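For the sequence shown, the numbering used here gives the first residue as 10, with consecutive numbering after it.
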Amino acid sequence: MTRLMSWIIVLALLLLLGGAIAQMMVIDAGVIMITWHGWLIETTFWSGVALLISLVVALLGLVALWRKLGPTRMLSRYRLRRDRNSAKKETAVAINSWLVGADDRALTALARVADAGGSERLPNAIALAIGLTQGEWPDRYAAFIARDPELKLFAQTLQAERRWQAQEYPAFIELLQAHPALGQVPWLRERLWQALHEQGQFAALLVLVNESANIQPAVREQWLVKTVTAALDQAQGDDTALGSILKPLAKAQRNLPAILVAEIPYLASLGQHANAFKRAKSLLQRPGQSEHSAVLIDLQVDNLDKLNLLENHTPVTSGPVFCRTLGLVNLQQQLWGSAQSWLEQGWQQEDRLSGVKLAELFEQRKMNEQAQRLYKQLALRPYSNR
10 MTRLMSWIIV LALLLLLGGA IAQMMVIDAG VIMITWHGWL IETTFWSGVA
60 LLISLVVALL GLVALWRKLG PTRMLSRYRL RRDRNSAKKE TAVAINSWLV
110 GADDRALTAL ARVADAGGSE RLPNAIALAI GLTQGEWPDR YAAFIARDPE
160 LKLFAQTLQA ERRWQAQEYP AFIELLQAHP ALGQVPWLRE RLWQALHEQG
210 QFAALLVLVN ESANIQPAVR EQWLVKTVTA ALDQAQGDDT ALGSILKPLA
260 KAQRNLPAIL VAEIPYLASL GQHANAFKRA KSLLQRPGQS EHSAVLIDLQ
310 VDNLDKLNLL ENHTPVTSGP VFCRTLGLVN LQQQLWGSAQ SWLEQGWQQE
360 DRLSGVKLAE LFEQRKMNEQ AQRLYKQLAL RPYSNR
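Written out as C-alpha coordinates, the structure is:
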(Lines of atoms letter the chains of each structure in order from A and count residues from 1; the text may use other names and numbers.)
(Lines give C-alpha, C1' and ligand atoms only; values in the text may rest on other atoms or scores of the structure.)
Protein backbone atom coordinates (compact mmCIF):
# COMPACT_ATOMS: atom_id res chain seq x y z
CA MET A 1 0.00 0.00 0.00
CA THR A 2 2.80 2.41 0.90
CA ARG A 3 4.57 1.66 -2.41
CA LEU A 4 1.37 2.35 -4.39
CA MET A 5 0.91 5.69 -2.65
CA SER A 6 4.47 6.65 -3.57
CA TRP A 7 3.81 5.97 -7.26
CA ILE A 8 0.53 7.98 -7.09
CA ILE A 9 2.32 10.98 -5.56
CA VAL A 10 5.13 10.84 -8.19
CA LEU A 11 2.55 10.64 -11.01
CA ALA A 12 0.64 13.59 -9.57
CA LEU A 13 3.79 15.68 -9.36
CA LEU A 14 4.68 14.84 -12.99
CA LEU A 15 1.20 15.86 -14.12
CA LEU A 16 1.43 19.14 -12.22
CA LEU A 17 4.88 19.80 -13.70
CA GLY A 18 3.66 19.01 -17.20
CA GLY A 19 0.67 21.28 -16.78
CA ALA A 20 2.84 24.13 -15.52
CA ILE A 21 5.22 23.76 -18.47
CA ALA A 22 2.28 23.67 -20.91
CA GLN A 23 0.85 26.85 -19.40
CA MET A 24 4.21 28.57 -19.69
CA MET A 25 4.48 27.52 -23.36
CA VAL A 26 1.04 29.02 -24.07
CA ILE A 27 1.74 32.30 -22.30
CA ASP A 28 5.24 32.86 -23.83
CA ALA A 29 6.81 30.45 -26.32
CA GLY A 30 10.15 32.33 -26.30
CA VAL A 31 12.81 32.32 -29.07
CA ILE A 32 16.24 30.62 -29.44
CA MET A 33 18.67 31.72 -32.16
CA ILE A 34 21.94 29.86 -32.88
CA THR A 35 24.50 31.17 -35.42
CA TRP A 36 27.61 29.33 -36.57
CA HIS A 37 29.84 30.27 -39.52
CA GLY A 38 27.03 31.99 -41.36
CA TRP A 39 24.45 29.39 -40.46
CA LEU A 40 21.39 30.56 -38.48
CA ILE A 41 19.04 28.32 -36.55
CA GLU A 42 15.95 29.93 -35.03
CA THR A 43 13.26 28.09 -33.09
CA THR A 44 11.05 28.49 -30.07
CA PHE A 45 12.55 28.13 -26.66
CA TRP A 46 10.63 25.01 -25.79
CA SER A 47 11.44 23.35 -29.09
CA GLY A 48 15.14 24.09 -28.44
CA VAL A 49 14.87 22.61 -24.97
CA ALA A 50 13.19 19.50 -26.42
CA LEU A 51 15.97 19.24 -29.05
CA LEU A 52 18.70 19.48 -26.43
CA ILE A 53 17.01 16.90 -24.27
CA SER A 54 16.70 14.59 -27.32
CA LEU A 55 20.38 15.01 -28.12
CA VAL A 56 21.36 14.22 -24.53
CA VAL A 57 19.11 11.14 -24.52
CA ALA A 58 20.54 10.00 -27.90
CA LEU A 59 24.12 10.49 -26.66
CA LEU A 60 23.41 8.54 -23.49
CA GLY A 61 21.81 5.80 -25.62
CA LEU A 62 24.87 5.60 -27.87
CA VAL A 63 27.19 5.38 -24.86
CA ALA A 64 25.04 2.59 -23.40
CA LEU A 65 25.00 0.75 -26.74
CA TRP A 66 28.81 1.06 -27.07
CA ARG A 67 29.26 -0.34 -23.59
CA LYS A 68 26.86 -3.18 -24.28
CA LEU A 69 28.31 -4.23 -27.63
CA GLY A 70 31.93 -3.61 -26.56
CA PRO A 71 33.74 -3.59 -29.92
CA THR A 72 37.11 -3.81 -28.14
CA ARG A 73 35.95 -6.87 -26.25
CA MET A 74 34.60 -8.33 -29.48
CA LEU A 75 38.00 -7.76 -31.11
CA SER A 76 39.74 -9.34 -28.12
CA ARG A 77 37.43 -12.34 -28.26
CA TYR A 78 38.06 -12.68 -32.00
CA ARG A 79 41.83 -12.61 -31.47
CA LEU A 80 41.57 -15.10 -28.62
CA ARG A 81 39.48 -17.46 -30.73
CA ARG A 82 41.92 -17.09 -33.63
CA ASP A 83 44.94 -17.80 -31.39
CA ARG A 84 43.24 -20.85 -29.90
CA ASN A 85 42.46 -22.28 -33.33
CA SER A 86 46.03 -21.60 -34.45
CA ALA A 87 47.47 -23.22 -31.31
CA LYS A 88 45.22 -26.24 -31.77
CA LYS A 89 46.30 -26.65 -35.38
CA GLU A 90 50.01 -26.17 -34.61
CA THR A 91 49.80 -28.69 -31.76
CA ALA A 92 48.62 -31.33 -34.23
CA VAL A 93 51.42 -30.33 -36.61
CA ALA A 94 54.00 -30.60 -33.82
CA ILE A 95 52.82 -34.04 -32.65
CA ASN A 96 52.53 -35.53 -36.14
CA SER A 97 55.91 -34.10 -37.17
CA TRP A 98 57.53 -35.58 -34.09
CA LEU A 99 56.00 -38.97 -34.89
CA VAL A 100 57.61 -39.12 -38.34
CA GLY A 101 60.97 -37.83 -37.11
CA ALA A 102 60.67 -34.25 -38.40
CA ASP A 103 62.05 -32.76 -35.17
CA ASP A 104 62.85 -29.30 -36.56
CA ARG A 105 59.32 -28.83 -37.84
CA ALA A 106 57.91 -30.08 -34.54
CA LEU A 107 59.97 -27.55 -32.56
CA THR A 108 58.85 -24.72 -34.85
CA ALA A 109 55.22 -25.69 -34.41
CA LEU A 110 55.59 -25.89 -30.61
CA ALA A 111 57.08 -22.38 -30.58
CA ARG A 112 53.99 -21.17 -32.42
CA VAL A 113 51.77 -22.91 -29.88
CA ALA A 114 53.58 -21.08 -27.07
CA ASP A 115 53.26 -17.74 -28.89
CA ALA A 116 49.53 -18.33 -29.30
CA GLY A 117 49.06 -18.88 -25.58
CA GLY A 118 49.03 -22.67 -25.48
CA SER A 119 46.51 -25.32 -26.45
CA GLU A 120 44.41 -27.77 -24.47
CA ARG A 121 45.42 -30.42 -27.02
CA LEU A 122 48.96 -30.68 -25.67
CA PRO A 123 48.11 -31.53 -22.03
CA ASN A 124 45.43 -33.97 -23.26
CA ALA A 125 48.03 -35.73 -25.44
CA ILE A 126 50.54 -35.84 -22.58
CA ALA A 127 47.87 -37.23 -20.26
CA LEU A 128 47.18 -40.06 -22.72
CA ALA A 129 50.90 -40.87 -22.94
CA ILE A 130 51.11 -41.29 -19.15
CA GLY A 131 50.18 -44.59 -17.56
CA LEU A 132 50.29 -46.85 -20.61
CA THR A 133 50.33 -49.94 -18.41
CA GLN A 134 47.33 -48.91 -16.33
CA GLY A 135 44.14 -50.93 -16.64
CA GLU A 136 41.91 -47.98 -17.47
CA TRP A 137 44.12 -46.83 -20.35
CA PRO A 138 41.93 -48.41 -23.09
CA ASP A 139 38.99 -46.32 -21.84
CA ARG A 140 41.10 -43.17 -21.91
CA TYR A 141 42.28 -44.12 -25.39
CA ALA A 142 38.69 -44.48 -26.67
CA ALA A 143 37.67 -41.17 -25.08
CA PHE A 144 40.69 -39.39 -26.60
CA ILE A 145 39.90 -40.72 -30.10
CA ALA A 146 36.27 -39.63 -29.80
CA ARG A 147 37.22 -36.17 -28.55
CA ASP A 148 40.09 -35.47 -30.96
CA PRO A 149 40.03 -37.74 -34.06
CA GLU A 150 42.70 -35.61 -35.79
CA LEU A 151 45.27 -37.06 -33.37
CA LYS A 152 44.25 -40.66 -34.03
CA LEU A 153 47.72 -41.53 -35.36
CA PHE A 154 49.28 -40.33 -32.10
CA ALA A 155 46.84 -42.38 -30.04
CA GLN A 156 47.44 -45.48 -32.17
CA THR A 157 51.18 -44.99 -31.75
CA LEU A 158 50.74 -45.10 -27.98
CA GLN A 159 48.53 -48.16 -28.33
CA ALA A 160 51.28 -49.89 -30.30
CA GLU A 161 53.83 -48.86 -27.66
CA ARG A 162 51.59 -50.34 -24.97
CA ARG A 163 51.44 -53.68 -26.79
CA TRP A 164 55.18 -53.66 -27.37
CA GLN A 165 55.92 -53.03 -23.68
CA ALA A 166 53.58 -55.90 -22.78
CA GLN A 167 55.50 -58.12 -25.27
CA GLU A 168 52.25 -58.82 -27.13
CA TYR A 169 54.13 -59.23 -30.39
CA PRO A 170 51.34 -60.85 -32.49
CA ALA A 171 48.91 -58.09 -31.45
CA PHE A 172 51.59 -55.48 -32.08
CA ILE A 173 52.20 -56.83 -35.60
CA GLU A 174 48.46 -57.00 -36.30
CA LEU A 175 47.97 -53.36 -35.26
CA LEU A 176 50.77 -52.03 -37.46
CA GLN A 177 49.72 -54.11 -40.44
CA ALA A 178 46.12 -52.85 -40.06
CA HIS A 179 47.28 -49.22 -39.98
CA PRO A 180 50.10 -48.68 -42.53
CA ALA A 181 50.56 -45.06 -41.42
CA LEU A 182 52.10 -46.37 -38.20
CA GLY A 183 54.93 -47.79 -40.29
CA GLN A 184 56.09 -44.21 -40.92
CA VAL A 185 56.91 -43.77 -37.23
CA PRO A 186 60.64 -44.61 -37.15
CA TRP A 187 60.86 -46.45 -33.83
CA LEU A 188 57.65 -48.39 -34.48
CA ARG A 189 58.98 -49.48 -37.86
CA GLU A 190 62.15 -50.77 -36.24
CA ARG A 191 60.14 -52.61 -33.60
CA LEU A 192 57.81 -54.09 -36.20
CA TRP A 193 60.83 -55.52 -37.98
CA GLN A 194 62.14 -56.94 -34.72
CA ALA A 195 58.74 -58.46 -33.90
CA LEU A 196 58.44 -60.05 -37.35
CA HIS A 197 61.97 -61.43 -36.97
CA GLU A 198 61.15 -62.85 -33.54
CA GLN A 199 57.97 -64.44 -34.90
CA GLY A 200 59.80 -65.94 -37.88
CA GLN A 201 57.76 -64.00 -40.47
CA PHE A 202 60.77 -63.46 -42.70
CA ALA A 203 58.95 -63.16 -46.04
CA ALA A 204 56.78 -60.30 -44.76
CA LEU A 205 59.80 -58.67 -43.13
CA LEU A 206 61.78 -58.86 -46.37
CA VAL A 207 59.00 -57.02 -48.24
CA LEU A 208 58.93 -54.25 -45.62
CA VAL A 209 62.71 -53.84 -45.64
CA ASN A 210 62.83 -53.55 -49.44
CA GLU A 211 59.88 -51.14 -49.62
CA SER A 212 60.81 -48.89 -46.71
CA ALA A 213 61.59 -45.26 -47.49
CA ASN A 214 63.72 -42.66 -45.69
CA ILE A 215 66.09 -45.21 -44.22
CA GLN A 216 69.87 -45.22 -44.33
CA PRO A 217 71.30 -47.69 -46.88
CA ALA A 218 73.59 -49.24 -44.27
CA VAL A 219 70.64 -49.93 -41.95
CA ARG A 220 68.59 -51.37 -44.81
CA GLU A 221 71.47 -53.69 -45.82
CA GLN A 222 71.96 -54.78 -42.21
CA TRP A 223 68.30 -55.77 -41.89
CA LEU A 224 68.31 -57.38 -45.32
CA VAL A 225 71.25 -59.60 -44.41
CA LYS A 226 69.79 -60.41 -41.00
CA THR A 227 66.43 -61.36 -42.49
CA VAL A 228 67.68 -63.43 -45.41
CA THR A 229 70.25 -65.24 -43.26
CA ALA A 230 67.64 -66.24 -40.68
CA ALA A 231 65.12 -67.21 -43.37
CA LEU A 232 67.59 -69.44 -45.22
CA ASP A 233 68.70 -71.05 -41.98
CA GLN A 234 65.06 -71.78 -41.14
CA ALA A 235 64.33 -73.07 -44.66
CA GLN A 236 67.10 -75.70 -44.84
CA GLY A 237 65.84 -78.43 -47.19
CA ASP A 238 62.76 -76.43 -48.25
CA ASP A 239 62.98 -75.41 -51.92
CA THR A 240 60.02 -72.98 -51.62
CA ALA A 241 62.40 -70.43 -50.11
CA LEU A 242 63.87 -69.92 -53.57
CA GLY A 243 60.67 -68.20 -54.62
CA SER A 244 59.74 -66.44 -51.40
CA ILE A 245 63.17 -65.24 -50.25
CA LEU A 246 65.90 -65.38 -52.88
CA LYS A 247 64.09 -64.56 -56.12
CA PRO A 248 62.60 -61.25 -54.87
CA LEU A 249 66.13 -60.00 -54.15
CA ALA A 250 67.86 -57.73 -56.61
CA LYS A 251 71.07 -59.05 -58.14
CA ALA A 252 73.23 -56.72 -56.07
CA GLN A 253 71.43 -57.80 -52.91
CA ARG A 254 71.76 -61.50 -53.63
CA ASN A 255 75.49 -61.08 -54.25
CA LEU A 256 76.17 -59.51 -50.87
CA PRO A 257 78.89 -61.62 -49.16
CA ALA A 258 76.86 -62.30 -46.02
CA ILE A 259 73.87 -63.45 -48.09
CA LEU A 260 76.08 -65.69 -50.22
CA VAL A 261 77.47 -67.27 -47.06
CA ALA A 262 73.90 -68.13 -46.00
CA GLU A 263 72.79 -69.20 -49.49
CA ILE A 264 75.59 -71.74 -50.09
CA PRO A 265 74.66 -74.17 -47.25
CA TYR A 266 70.98 -73.69 -48.11
CA LEU A 267 71.60 -74.80 -51.70
CA ALA A 268 73.66 -77.70 -50.38
CA SER A 269 70.70 -78.73 -48.17
CA LEU A 270 68.63 -79.02 -51.37
CA GLY A 271 71.30 -81.20 -52.94
CA GLN A 272 72.33 -78.47 -55.36
CA HIS A 273 76.04 -78.82 -54.58
CA ALA A 274 77.24 -77.78 -58.04
CA ASN A 275 75.17 -74.60 -57.89
CA ALA A 276 76.38 -73.99 -54.33
CA PHE A 277 80.00 -74.36 -55.50
CA LYS A 278 79.40 -71.77 -58.26
CA ARG A 279 78.10 -69.34 -55.65
CA ALA A 280 81.12 -70.13 -53.46
CA LYS A 281 83.46 -69.37 -56.35
CA SER A 282 81.78 -66.01 -56.97
CA LEU A 283 82.29 -65.23 -53.29
CA LEU A 284 85.86 -66.39 -52.79
CA GLN A 285 87.15 -64.84 -56.01
CA ARG A 286 86.49 -61.41 -54.53
CA PRO A 287 89.25 -59.66 -52.59
CA GLY A 288 89.00 -59.87 -48.83
CA GLN A 289 86.53 -62.78 -48.69
CA SER A 290 88.99 -65.61 -47.99
CA GLU A 291 87.77 -66.00 -44.39
CA HIS A 292 84.46 -67.31 -45.77
CA SER A 293 86.26 -70.28 -47.32
CA ALA A 294 84.82 -72.67 -44.72
CA VAL A 295 81.61 -72.84 -46.81
CA LEU A 296 83.48 -75.27 -49.10
CA ILE A 297 84.00 -77.98 -46.48
CA ASP A 298 80.57 -79.64 -46.65
CA LEU A 299 80.04 -79.23 -50.40
CA GLN A 300 79.95 -82.56 -52.21
CA VAL A 301 82.07 -81.60 -55.18
CA ASP A 302 85.48 -82.74 -56.37
CA ASN A 303 88.13 -81.87 -53.80
CA LEU A 304 90.52 -80.93 -56.59
CA ASP A 305 88.10 -78.19 -57.65
CA LYS A 306 88.04 -76.92 -54.09
CA LEU A 307 91.82 -77.11 -53.86
CA ASN A 308 92.35 -75.27 -57.14
CA LEU A 309 89.90 -72.55 -56.11
CA LEU A 310 91.66 -71.98 -52.79
CA GLU A 311 95.20 -72.13 -54.16
CA ASN A 312 94.38 -69.78 -57.03
CA HIS A 313 92.94 -67.22 -54.63
CA THR A 314 95.30 -67.48 -51.71
CA PRO A 315 95.50 -64.08 -49.98
CA VAL A 316 98.80 -62.40 -49.21
CA THR A 317 98.06 -62.76 -45.51
CA SER A 318 96.07 -65.89 -44.79
CA GLY A 319 93.69 -65.82 -41.84
CA PRO A 320 93.00 -68.76 -39.51
CA VAL A 321 89.80 -69.89 -41.26
CA PHE A 322 91.44 -69.96 -44.68
CA CYS A 323 94.44 -71.87 -43.30
CA ARG A 324 92.20 -74.40 -41.60
CA THR A 325 90.02 -74.87 -44.71
CA LEU A 326 92.95 -75.33 -47.06
CA GLY A 327 94.50 -77.73 -44.54
CA LEU A 328 91.31 -79.83 -44.40
CA VAL A 329 90.94 -79.94 -48.18
CA ASN A 330 94.57 -81.10 -48.48
CA LEU A 331 93.84 -83.65 -45.79
CA GLN A 332 90.90 -85.01 -47.80
CA GLN A 333 93.22 -85.33 -50.78
CA GLN A 334 95.74 -87.12 -48.55
CA LEU A 335 98.32 -84.43 -49.18
CA TRP A 336 99.73 -84.83 -45.69
CA GLY A 337 102.62 -82.39 -45.92
CA SER A 338 100.52 -79.51 -47.28
CA ALA A 339 97.72 -80.29 -44.83
CA GLN A 340 100.13 -80.19 -41.88
CA SER A 341 101.68 -76.93 -43.08
CA TRP A 342 98.34 -75.12 -43.41
CA LEU A 343 96.94 -76.48 -40.15
CA GLU A 344 100.10 -75.39 -38.35
CA GLN A 345 99.61 -71.87 -39.73
CA GLY A 346 96.03 -71.89 -38.46
CA TRP A 347 97.13 -73.15 -35.03
CA GLN A 348 99.78 -70.44 -34.83
CA GLN A 349 96.92 -67.95 -35.20
CA GLU A 350 95.19 -69.54 -32.17
CA ASP A 351 92.53 -71.33 -34.20
CA ARG A 352 91.49 -74.21 -31.90
CA LEU A 353 89.91 -76.30 -34.67
CA SER A 354 93.16 -76.13 -36.62
CA GLY A 355 94.95 -77.41 -33.52
CA VAL A 356 92.52 -80.32 -33.07
CA LYS A 357 92.78 -81.38 -36.72
CA LEU A 358 96.55 -81.02 -36.59
CA ALA A 359 96.74 -83.30 -33.53
CA GLU A 360 94.57 -85.88 -35.29
CA LEU A 361 96.86 -85.66 -38.32
CA PHE A 362 99.90 -86.29 -36.09
CA GLU A 363 98.19 -89.42 -34.76
CA GLN A 364 97.41 -90.65 -38.28
CA ARG A 365 101.03 -90.15 -39.27
CA LYS A 366 102.25 -91.97 -36.13
CA MET A 367 103.78 -88.75 -34.78
CA ASN A 368 102.57 -89.58 -31.27
CA GLU A 369 104.94 -87.32 -29.36
CA GLN A 370 103.86 -84.25 -31.33
CA ALA A 371 100.21 -85.28 -30.98
CA GLN A 372 100.43 -85.67 -27.19
CA ARG A 373 102.22 -82.36 -26.79
CA LEU A 374 99.56 -80.62 -28.89
CA TYR A 375 96.69 -82.23 -26.97
CA LYS A 376 98.18 -80.92 -23.73
CA GLN A 377 98.42 -77.42 -25.18
CA LEU A 378 94.79 -77.65 -26.28
CA ALA A 379 93.71 -78.79 -22.82
CA LEU A 380 95.51 -75.89 -21.12
CA ARG A 381 94.12 -73.28 -23.49
CA PRO A 382 90.70 -71.85 -22.56
CA TYR A 383 87.98 -73.02 -24.93
CA SER A 384 86.78 -70.57 -27.55
CA ASN A 385 84.99 -70.72 -30.87
CA ARG A 386 88.29 -70.28 -32.65
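Every residue, glycine too, gets a C-beta built ideally from N, C-alpha and C.
Small disclaimer: the values here were computed from a predicted structure and weren't measured.
The C-alpha of S278 lies about 23 angstroms from the C-alpha of A213.
Counting along the chain, the unbroken alpha helix (DSSP H) around A227 starts and ends at 226 to 243. Annotation for K366: the continuous alpha helix (DSSP H) segment containing it runs 361 to 373. Rounded to whole angstroms, the gap between the alpha carbons of L68 and W48 is 23 angstroms.
With a cut-off of 8 angstroms on Cβ pairs, the segment 87 to 104 is not in contact with the segment 168 to 184, counting fewer than three such pairs. Assigned with DSSP and collapsed to three states, T100 falls in helix.
As a beta-bridge residue in DSSP terms, W45 pairs with W48.
In this chain, the alpha helix (DSSP H) harbouring G355 covers 345 to 357.
One Cα belongs to Y275, the other to L215, and the distance between them is close to 18 angstroms. Contact annotation: the segment 253 to 262 touches the segment 235 to 243, with at least three C-beta pairs closer than 8 angstroms. Within the same chain, and ignoring the five residues on either side of A267 in sequence, the residues whose Cβ sits closer than 6 angstroms to its Cβ are V234. For the 8 angstroms CB-CB criterion, E300 and G328 form a contact. Residue environment for Q381: exposed (fewer than 16 other C-beta atoms within 10 angstroms of its C-beta). Within a 10 Å sphere around the beta-carbon of L383 sit 16 or more other beta-carbons, which makes this residue buried. The residue from L217, V304, Q174 with its alpha-carbon nearest to that of V270 is V304.
Excluding five sequence positions before and after W351, the CB atoms of its chain that fall closer than 7 angstroms to its own CB belong to C332, L335, G336, N339, given in chain order. Less than 8 angstroms separates the beta-carbon of L197 from that of A169.
Here Q349 is buried, its C-beta having at least 16 other C-beta atoms within 10 Å. By the CB criterion at 8 angstroms, F286 and D314 fall inside the cutoff. Rounded to the nearest whole angstrom, the C-alpha separation of V365 and E353 is 10 angstroms. Here the alpha carbon of A187 sits roughly 11 angstroms from the alpha carbon of Q165. Counting along the chain, K256 sits inside no alpha helix (DSSP H), nor does DSSP assign it H or E at all.
If only complete runs of 4 or more residues are kept, the segment 140 to 167 shows the alpha helix (DSSP H) at 146 to 156, in order along the chain.
Under the three-state reduction of DSSP, R172 is assigned to helix. Residue range 178 to 187 is occupied by the alpha helix (DSSP H) that includes I182. Each of E272, V102, R93, R171 was checked against the Cα of A125, and the nearest Cα belongs to R93. Rounded to the nearest angstrom, the Cβ distance from F163 to I224 is 22 angstroms, too far for a contact under 8 angstroms. Cβ contact annotation for W146 (same chain, cutoff 7 angstroms, sequence separation greater than five): G140, R171, in chain order.
Here DSSP, grouped into helix, strand and coil, assigns N223 to coil. CA-CA distance, E320 to Q294, rounds to 11 angstroms. T323: not part of any alpha helix (DSSP H); DSSP gives it neither H nor E. Secondary structure of S128 (DSSP, three-state): coil. Residues S299 of the same chain have their beta carbon placed closer than 6 angstroms to that of P324, with the five preceding and five following residues left out of the count.
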